[in-house]
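Quick note: the sequence shown uses numbering that gives the first Met the number 0, first residue 0, plus one each step. Note that beta-carbon positions come from the ideal geometry of N, C-alpha and C, so glycine has one too. Source: prediction; values computed, not measured. Contents: one structure, followed by commentary.
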Amino acid sequence: MFFVKGFTSVRSLYNLFQHVSSSTFAPMYSTAASSTPTSEKMSFTVNYLTSKFGFSRGTASTISQRVSLKSSEKPDFVLTLFRSCGFTNSQIGNVIKKAPRLLLCDAGKSIWPKLDFLLSKGASSSQLVDIVTRCPRFLFRSLENHLIPSYNFVKDFVGSDQRTITSITRSHRIICCDFLETNIKLLLDIGVPKSGIAALLHSWPSLFTMNLDKFRVAVEGLKDRGFDPSTSKFIPALYATNKLSKSVWNSKVEFFKKWGWSEEDIDKAFVLHPYCMLKSLSKIKAVMEFFVNDMGWESILLASNPIFFSMSLERRLIPRAYVLQYIHSRGLIKNACIIYPYYITEKIFLEKYVIRFEDEAPGLLKLYQETMNRSRKT
């Protein structure tokens with residue numbers, strides 16, 4: 000049996016509830032049954048919510064329109080359960096604001112088995128708290144008929160419990176939404192490889208929570224732009240066009256235009272390397288300014304090689320650019336603006352552009368090593 004904060008079972012929690020001090024969990028107000036007038040039930044609910052969670056009476060009144068408490072027995076046990084799992088009072092309050100009907104649930108029969116399932120799969124206490132506080136509505140879904148099948152479906156793609164839990168923490172809705180399987184089937188049907196779907200489920204799982212019709216339109220839109228579903232570019236392109244906010248997307252488009260790119264240039268760069276639109280604006284700006292301002296390149300050269308925005312500026316681009324500039328200044332190569340050296344491996348770059356010119360360019364290796372060392376310290 001899984002341990003949670005010293006409790007060995009749901010029965011232990013129930014036993015604790017039966018013996019806790021009256022000052023902590025005893026009903027504070029009337030626990031009258033169904034004959035209580037509606038206004039009195041609302042008053043009891045409002046008083047309970049303000050007392051237990053510190054809600055303002057306005058907030059409590061709003062919540063009381065969504066849930067009506069007859070007594071404090073079930074709600075108190077729900078609080079006991081959440082606290083035993085490591086939730087703070089503030090976190091429990093946030094959960095109840097989003098899903099107040101949880102206070103009416105049988106904590107031992109309805110809520111605990113779902114928490115226990117995630118814990119048994121390796122979710123840490125902090126991960127469990129994060130999942131529940133961000134998407135408490137999954138606790139209303141059937142464990143046997145929905146949560147376990149959805150969990151296993153994701154695991155079949157990502158390969159382990161650890162990666163599955165990571166996917167859930169990145170997008171909590173994937174275990175309670177109704178579009179997961181249909182959206183994935185759509186991608187499989189058009190030729191997206193299982194490895195691509197696995198990568199998407201692990202890194203950007205929220206994409207699969209889109210409405211099926213909207214998801215289908217997004218997929219067809221990329222195909223119309225020439226993206227091949229079977230290639231590795233399709234998945235990041237799908238994410239970028241559907242999960243970046245309009246303001247973020249437009250800010251990057253405007254940045255590229257300021258540096259002389261046309262709409263066609265931007266579209267070309269995106270098709271070549273969709274990740275260029277997923278990089279932070281500060282990273283894009285740093286790469287652009289280095290090559291255009293410091294190295295004297297035409298900005299359009301980066302539109303043809305947008306993968307540069309995904310390369311490490313400090314560990315690859317700057318050290319190699321300085322080497323190429325150095326050997327070009329000594330007439331050892333014709334053009335310092337060549338692209339090939341930035342794509343090759345570290346070993347090949349050293350052989351072709353550093354070790355090869357050691358006699359003609361003394362200090363070249365030292366220059367390269369010093370540049371690399373400086374970048375490692377930043």
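{"Query": "Classify Y367 as helix, strand or coil using the three-state DSSP reduction.", "Result": "helix"}
{"Query": "Can you confirm whether the region 319–330 touches the region 352–369 when touching is taken to mean that 3 or more C-beta pairs between the two stretches lie within less than 8 angstroms?", "Result": "yes"}
{"Query": "Which word fits Y150, buried or exposed, when buried means at least 16 other C-beta atoms lie within 10 angstroms of its C-beta?", "Result": "buried"}
{"Query": "Cutting at 6 angstroms between CB atoms, please list the residues of its own chain near K97, excluding the five before and the five after it.", "Result": "P135"}
{"Query": "Where does the unbroken alpha helix (DSSP H) through H201 begin, and where does it stop?", "Result": "K193 to S202"}
{"Query": "Quick check: the region 241–248 against the region 259–275, are there 3 or more CB pairs under 8 angstroms?", "Result": "no"}
{"Query": "Any idea what DSSP makes of Q64, helix, strand or coil?", "Result": "coil"}
{"Query": "What is the DSSP secondary structure of I91, reduced to helix, strand or coil?", "Result": "helix"}
{"Query": "Within a Cβ cutoff of 6 angstroms, which residues of the same chain sit near L316, ignoring the five residues on either side of it in sequence?", "Result": "M310"}
{"Query": "What are the start and end residues of the alpha helix (DSSP H) that includes W248?", "Result": "K245 to K257"}
{"Query": "Any idea if T87 is buried or exposed, counting beta-carbon neighbours within 10 angstroms, 16 or more meaning buried?", "Result": "exposed"}
{"Query": "Could you check which residue in M209, I183 and L211 has the C-alpha nearest to that of A198?", "Result": "I183"}
{"Query": "Reducing DSSP to helix, strand and coil, say where W111 ends up.", "Result": "helix"}
{"Query": "Using DSSP with H/G/I as helix, E/B as strand and the rest coil, what is F178?", "Result": "coil"}
{"Query": "Fully enclosed by the region 295–351, which alpha helix (DSSP H) runs are 4 residues long or longer?", "Result": "299–302, 317–328, 339–342 and 345–348"}
{"Query": "Going by alpha carbons, who is nearest to L221 out of S250, S261, P204 and V270?", "Result": "V270"}
{"Query": "Taking all protein chains shown into account, do 16 or more other C-beta atoms lie within 10 angstroms of the C-beta of V216, making it buried, or fewer, making it exposed?", "Result": "exposed"}
{"Query": "Taking the alpha-carbon of P361 as reference, which of S109, S298, S89 and I326 has the nearest alpha-carbon?", "Result": "I326"}
{"Query": "Leaving out the 5 sequence neighbours to the left and right, which residues in its chain are closer than 8 angstroms to T344 when beta-carbon positions are compared?", "Result": "none"}
{"Query": "How should K113 be labelled, buried or exposed, when 16 other C-beta atoms within 10 angstroms of its C-beta is the threshold for buried?", "Result": "buried"}
{"Query": "Could you spell out where the alpha helix (DSSP H) holding I143 opens and where it closes?", "Result": "What sits at residue 143 in the sequence shown is Glu, not Ile. No alpha helix (DSSP H) contains E143, which DSSP labels as neither H nor E."}
{"Query": "Are the beta-carbon atoms belonging to K282 and F254 less than 8 angstroms from one another?", "Result": "no"}
{"Query": "For D227 and S279, I'd like the C-alpha separation in whole angstroms.", "Result": "25 angstroms"}
{"Query": "Taking the alpha-carbon positions, what's the R355 to R329 distance?", "Result": "14 angstroms"}
{"Query": "Where does G57 sit, in a helix, a strand or coil, going by DSSP?", "Result": "helix"}
{"Query": "By the three-class DSSP mapping on this structure, what secondary structure does K69 have?", "Result": "coil"}
{"Query": "Express the C-alpha separation of V131 and F207 in angstroms, rounding to a whole number.", "Result": "19 angstroms"}
{"Query": "Helix, strand or coil: which one does DSSP assign to F116?", "Result": "helix"}
{"Query": "Tell me which same chain residues have a C-beta within less than 8 angstroms of the C-beta of T23, skipping the five on either side of it?", "Result": "With a pLDDT of 41 at T23, under the threshold of 50, the predicted position of this residue should be treated as unreliable, though the coordinate-derived value follows. So no residue of the chain qualifies."}
{"Query": "State the Cα-Cα distance for the pair V94 and L118, rounded to the nearest angstrom.", "Result": "18 angstroms"}
{"Query": "In chain order, what residues of the same chain have a beta carbon less than 6 angstroms from the beta carbon of P204, not counting five sequence neighbours either side?", "Result": "S166, R169, S170 and I173"}
{"Query": "Let's test the definition: count the other Cβ atoms within 10 Å of the Cβ of T7 and tell me whether it reaches 16, buried, or not, exposed.", "Result": "Below a pLDDT of 50, predicted positions are generally treated as unreliable, and T7, at 46, falls in that range; no measurement from the model is reported."}
{"Query": "Which stretch, first to last residue, makes up the alpha helix (DSSP H) that contains T208?", "Result": "Note, T208: premise wrong, no alpha helix (DSSP H); not H, not E."}
{"Query": "Could you round the C-beta distance between L48 and S67 to whole angstroms and report it? I think they count as a contact, below 8 angstroms.", "Result": "Wrong, their Cβ atoms sit about 11 angstroms apart, outside the cutoff."}
{"Query": "Which class does H171 belong to by DSSP, given the choice of helix, strand or coil?", "Result": "helix"}
{"Query": "Can you tell me whether I110 is buried or exposed? The criterion is at least 16 other CB atoms within 10 Å of its CB, across all chains shown.", "Result": "buried"}
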